[in-house]
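Data first, discussion second: the structure below is written as structure tokens.
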Amino acid sequence: MLRSSTHVGTGHADTNKFEWVVNQHRDTYASIIGHNSLLAYTAVAENESMGRKRFEMIEKMLQPCGLPVPKDD
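For the sequence shown, the numbering used here assigns the number 90 to the initial residue and increments by one for each residue that follows.
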């Protein structure tokens with residue numbers, strides 16, 4: 090059985106490094122946002138409110154690693 094059929098974030102044979110890293114970053118942000126204790130930990134560590142950290146992480150999920158590298162065709 091292929092791992093990608095059961096685990097969406099693992100990618101597939103055509104997944105490049107950039108796409109894989111973007112998935113990892115988005116999964117990490119989603120996990121931190123979804124677990125209140127992790128969100129509180131990051132908020133205290135950066136001296137911000139939990140709402141501000143949640144907002145910043147949701148914004149970072151749009152392009153967590155910057156713009157994609159142009160492909161050579």
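Even for Gly, the Cβ is constructed at its ideal location relative to N, Cα and C. Treat the numbers as computed from the prediction; the structure is a model and nothing was measured.
Outcome for residue 101 when other beta-carbon atoms lying within 10 angstroms are tallied against a minimum of 16: Classification of residue 101: exposed, given that the 10 Å Cβ count is below 16.
Near residue 139, which residues of its chain fall below 7 Å by C-beta distance, leaving aside the five closest residues on each side in sequence? 128, 129, 132
Compute the Euclidean distance between the alpha carbons of residue 112 and residue 148, then round it to the nearest angstrom. 15 Å
Three-state secondary structure (DSSP) of residue 150: coil
According to DSSP, is residue 137 helix, strand or coil? coil
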